[in-house]
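Engineer: The following block contains the structure, expressed as structure tokens.
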Amino acid sequence: MDDVTASASTTAPIAGRLYYRHSLPVRVMHWINVIALTIIFMSGLMIFNAHPALYWGKSSYTGRPPILEIGARDGGATGAIGYTKIFGHEFNTTGVLGLSREPSGRPAARAFPSWLTIPDMQWLSMARSWHFFFAWIFVVNGLCYVAYSLWSRHLARDIAPTRGELAKIGQSIKDHLLFRHETGEAATRYNVLQKITYLVVIFVLLPLAILMGLAMSPRIDTVFAGWVDWVGGRQSARTIHFIAAWLIVAFVLIHVFEVVITGLWNNLRSMITGRYRIPPEAPHE
Amino acid sequence: MNERTRSSRRRFLARALGAAGALFLAGCERLSESQWFPKVLAAGERLSEAAQTFVTGRKAMAQEFSEADLSPSFRSNGTAEPDSEAYAALAAKGFADYKLEVGGLAASPRSFSLAELRALESRTQITRHDCVEGWSAIGKWKGAKLSAVLDAVKVKPEACYVVFYCADPMADDGTDLYYESIDMDDAWHPQTILAYELNGEALPIKNGAPVRLRVERQLGYKHAKYVMKIELVDSFAHIAGGNGGYWEDQGYQWYAGI
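Chains A and B supply the protein sequences, listed in that same order. Under the working numbering, think of the first position of the first sequence as 72, with each following residue one higher. Under the working numbering, think of the first position of the second sequence as 77, with each following residue one higher.
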């Protein structure tokens, strides 16, 4: 099993030793999550492309302009340009947002470029099919993960930060900014920032994205008349859904960055075979 | 490790990642174009329908809004004016000759003039119209309750769906008339109306004059505009593409609750 603390306390891990870090269920669920979230995100961008504007309020047409708008228009002498308008400020984003090349090489007016969307062509019904199918896989997988983590005490033992760890959060932030990472015995545990991040992503960010997605469903809105107004209305929910999706992407980018700089192959092996090689102790300064 | 091997390793990694990404995207494209994979994905739709019906209950009411929430102008989407001579002739006379035919699995099929529809039990509701594209607009609708129409024609127990046939051709050559279908839960639902008024005025042509369907717990494309004929059926497999609606025949989900 992935008994991190037990292996750490009973037989003090020696630097260079392989130890069993991730249990099989966690590994399987991690990779299902990678696939599902990738597809949900990319098909979500395709769905966004069908109406590339975000609003705040109960409807899109409240008399107020959209808060974000991506589009293409005639740029005069330069020909067609792609633009992104945020709170009334317009940016030229030709080539990436608003106007970009499709796989055929033809420039096309589309909010997000084809290499970021599933399917790559404008095809809303197919994107919805992908999005909702993998949303179900993601939700079932996520529920299994939470149930397993509670049952196996993975959550209590490996992810919940201790009071002592929380007290040293300032040091952890400093270490991260200086790219200093745990070595030796300390490397067998998640660090406190990592723990807090995982908790926020698992219990706040991902559920928020799901809930705001459901808030866009006219049928789910009927569960309790008016609940969608708690977040400002249906179009606000759509905006929050969009922001939550990008926050998840930001988490993934930082996660992958940390994986790379703390030893790509070691980390990858631990998420595939479960075994992690403990980095040697840093020389004392 | 020296700087050169490190940078070449980095280049290799970037290339491997790029290649994996391209392979993944190409795979997704092939799956989208295949015959079998969209059928697998359709399981998500059936699961959503079952789960949403279970969670909300069959009779749940859609949210209603106040006058203050009304969109300044109710956006037109899809057909703005049906490209059909028969429709143009009806519109020229202010729909005085309009007849809504209601038949199929009904014991006493009949037709309704606009005046007869207006005489049926009506409902006025301020609701949000959610387009599948992602936008929404709030409008005030008044119309005959579909349940009143169904009562008048005496629905046979075999009826499972209500099909709405519309006046607007979707193909340039004037064929492919828009149509939609809903199940009996939605058909008998008190908020399901045949709307003839929008924001206190006769329904404009751009929004579906003289009569459009409002089926408030589903997305916009279910709300058929320019409704000319209603048919009660036990199955829609024999109608047009067999998927229960114009957009459904183009691959959109029949259950449009999400």
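We treat Cβ as the ideally placed atom computed from N, Cα and C, and that holds for glycine.
1. Please report whether the beta-carbon of A:A206 lies at a distance below 9 Å from any beta-carbon of chain B.
2. Which full runs of the alpha helix (DSSP H) of 4+ residues lie inside the stretch 113-182 of chain B, going along the chain?
3. Answer with buried or exposed for A:A198, where buried requires no fewer than 16 other C-beta atoms within 10 angstroms of its C-beta.
4. Quick one: residues in its chain with C-beta nearer than 7 Å to the C-beta of A:I110, no 5 flanking neighbours on either side, listed in chain order?
5. With DSSP run on the structure shown, which of helix, strand or coil describes A:C215?
6. Taking 9 Å as the CB-CB cut-off, is B:I315 touching chain A?
7. What's the C-alpha gap between B:G180 and B:I334?
8. Can you confirm whether A:G134, when its beta carbon is compared against all beta carbons of chain B, has any partner nearer than 9 Å?
9. In whole angstroms, what separates the C-alpha of A:R224 from that of B:H299?
10. Pick from A:I208, A:R98, A:R88: whose alpha carbon is nearest that of A:L339?
11. Check whether the Cβ of B:G179 lies closer than 9 Å to any Cβ atom in chain A.
12. Does the beta-carbon of A:F379 have 16 or more other beta-carbons within 10 angstroms, so that it is buried, or is it exposed?
13. Quick check on B:E192: does DSSP put it in helix, strand or coil?
14. Could you tell me which chain B residues have their CB closer than 8 Å to the CB of A:F119, listed as they occur along the chain?
15. What residue range does the beta strand (DSSP E) around B:Q201 cover?
16. Between which two residues does the alpha helix (DSSP H) holding A:I314 run?
17. Excluding the 5 residues flanking B:A285 on each side, which residues of the same chain have their C-beta closer than 6 Å to its C-beta?
18. Taking B:L176 as the reference, give the member of B:R194, B:L123, B:K115 with the closest Cα.
19. Assign A:G361 to one of two classes, buried (16 or more other C-beta atoms within 10 Å of its C-beta) or exposed (fewer than that).
20. Going straight from the alpha carbon of A:A77 to that of A:H93, what length do you get?
21. So with CB distances below 7 Å, who are the chain A contacts of B:S83?
22. Let me see if you follow: with CB-CB separation under 9 Å, is B:Q329 close to chain A or not?
23. Please list, in chain order, all residues of the same chain as B:R134 whose beta carbon is under 8 Å from its beta carbon, the five residues on each side excluded.
24. Using Cβ-Cβ distances below 9 Å, what residues of the stretch 128-153 of chain A are close to chain B?
25. Report the residue from B:Y328, B:S189, B:P114 whose alpha carbon sits nearest the alpha carbon of B:G296.
26. For a contact meaning CB atoms closer than 8 Å, what does B:L101 contact in chain A?
27. Per DSSP, which residues does A:G169 bridge with? Please list them.
28. What in chain B is Cβ-close to A:H101, meaning under 7 Å?
29. Would the C-beta of B:Y241 count as close to the ligand SAM, meaning under 8 Å from any of its heavy atoms?
30. Examine the Cβ distances between the stretch 173-181 of chain A and the stretch 249-258 of chain A and report whether three or more of them are shorter than 8 Å.
31. What does B:T132 touch in chain A if you count any residue whose Cβ is under 8 Å from its own?
32. Are three or more beta carbon pairs between the stretch 328-336 of chain A and the stretch 152-171 of chain A nearer than 8 Å?
33. Distance, Cα to Cα, A:I30 vs A:V330?
34. Check whether the Cβ atoms of B:S187 and B:Y237 lie closer than 9 Å to each other.
35. Does the stretch 301-311 of chain A come into contact with the stretch 281-293 of chain A, if we say contact requires no fewer than three beta-carbon pairs (one atom in each stretch) closer than 8 Å?
36. Compute the distance between the beta-carbons of B:P245 and B:D159, then report whether it is under 9 Å.
Structural biologist: Quick look at the numbers:
1. Counting from 1 along the first sequence, the entry for residue 206 of chain A is found at position 135. Chain B contact via Cβ: present.
2. 113-132, 161-168
3. The sequence position of residue 198 of chain A within the first sequence is 127, counting from 1. Buried, because 16 or more other Cβ atoms sit within 10 Å of the Cβ of A:A198.
4. Translated into the one-based positions of the first sequence, residue 110 of chain A becomes position 39. Closer than 7 Å at the Cβ level, and outside the excluded window around A:I110, lie I189, W201, F205.
5. The residue labelled residue 215 of chain A in the question sits at position 144 within the first sequence. Note: A:C215 maps to helix in three-state DSSP.
6. As a working mapping, residue 315 of chain B is identified with position 239 in the second sequence. Cβ-Cβ to chain A under 9 Å: no for B:I315.
7. Locating residue 180 of chain B in the second sequence gives position 104, counting from the first residue. Locating residue 334 of chain B in the second sequence gives position 258, counting from the first residue. Taking the straight line from one Cα to the other gives about 29 Å.
8. For this step, residue 134 of chain A is matched to residue 63 along the first sequence. Closer than 9 Å to some Cβ of chain B, the Cβ of A:G134 qualifies, so yes.
9. Indexing the first sequence from 1 puts residue 224 of chain A at position 153. Indexing the second sequence from 1 puts residue 299 of chain B at position 223. Using only the alpha carbons, I get a separation of about 50 Å.
10. Position 268 of the first sequence, counted from the start, is the residue given in the question as residue 339 of chain A. The residue with the shortest Cα to Cα distance from A:L339 is A:R98.
11. Counting from 1 along the second sequence, the entry for residue 179 of chain B is found at position 103. Not closer than 9 Å to any Cβ of chain A, the Cβ of B:G179 fails to qualify, so no.
12. Given a span of 72 to 356 for chain A in the structure shown, any question on residue 379 of chain A remains unanswerable.
13. Locating residue 192 of chain B in the second sequence gives position 116, counting from the first residue. It is helical.
14. Indexing the first sequence from 1 puts residue 119 of chain A at position 48. Those within 8 Å of A:F119 in chain B are G210.
15. Translated into positions along the second sequence, residue 201 of chain B becomes position 125. Here the beta strand (DSSP E) through B:Q201 covers 198-206.
16. Residue 314 of chain A sits at position 243 when you count from the first residue of the first sequence. 305-332 is the extent of the alpha helix (DSSP H) around A:I314.
17. Start at 1 with the first residue of the second sequence, and residue 285 of chain B comes out as number 209. L279, listed in sequence order.
18. Sequence index remark: in the second sequence, residue 176 of chain B carries index 100 (1-based). Out of B:R194, B:L123, B:K115, B:R194 has the C-alpha closest to the C-alpha of B:L176.
19. Residue numbering for chain A in the displayed model covers 72 to 356; residue 361 of chain A lies beyond these limits and cannot be assessed.
20. To locate residue 77 of chain A, count along the first sequence from 1; it is residue 6. To locate residue 93 of chain A, count along the first sequence from 1; it is residue 22. Confidence is the limiting factor: at A:A77 the pLDDT is only 42, short of 50, which leaves the residue's position unreliable, though a coordinate-based value still follows. Between A:A77 and A:H93, the C-alpha separation is close to 14 Å.
21. What you label residue 83 of chain B is simply residue 7 of the second sequence in a count that begins at 1. Neighbours of B:S83 on chain A: none; closest Cβ ~14 Å, over 7 Å.
22. For the purposes of this step, residue 329 of chain B is identified with residue 253 of the second sequence, where counting begins at 1. Closer than 9 Å: yes.
23. Translated into the one-based positions of the second sequence, residue 134 of chain B becomes position 58. Excluding residues within five positions, the ones whose Cβ falls inside 8 Å are D261.
24. G128, K129, S130, S131, Y132, T133, G134
25. Within the second sequence, the letter at position 220 stands for residue 296 of chain B. For the residues B:Y328, B:S189, B:P114, the minimum Cα distance to B:G296 belongs to B:Y328.
26. Taking the first residue of the second sequence as position 1, residue 101 of chain B is located at position 25. Within chain A, the residues near B:L101 are W186, I189, D191.
27. Translated into the one-based positions of the first sequence, residue 169 of chain A becomes position 98. DSSP output for A:G169 lists A:R181 as bridge partner(s).
28. Start at 1 with the first residue of the first sequence, and residue 101 of chain A comes out as number 30. Those within 7 Å of A:H101 in chain B number zero; the least Cβ separation is about 17 Å.
29. By its list of ligands, the structure shown contains no ligand whatsoever, and the ligand SAM lies outside what it can speak to.
30. no
31. Looking up residue 132 of chain B in the second sequence gives position 56. The contacting residues are R290, I291, T293, V294.
32. no
33. No answer is possible for residue 30 of chain A: it lies beyond the span of chain A, which begins at 72 and ends at 356.
34. Residue mapping note: residue 187 of chain B aligns to position 111 of the second sequence, counting from 1. Residue mapping note: residue 237 of chain B aligns to position 161 of the second sequence, counting from 1. Not a contact, by the Cβ cut-off of 9 Å.
35. yes
36. Taking the second sequence and counting its residues from 1, the one referred to as residue 245 of chain B is at position 169. Taking the second sequence and counting its residues from 1, the one referred to as residue 159 of chain B is at position 83. Their beta carbons are under 9 Å apart, which means B:P245 touches B:D159 by this criterion.
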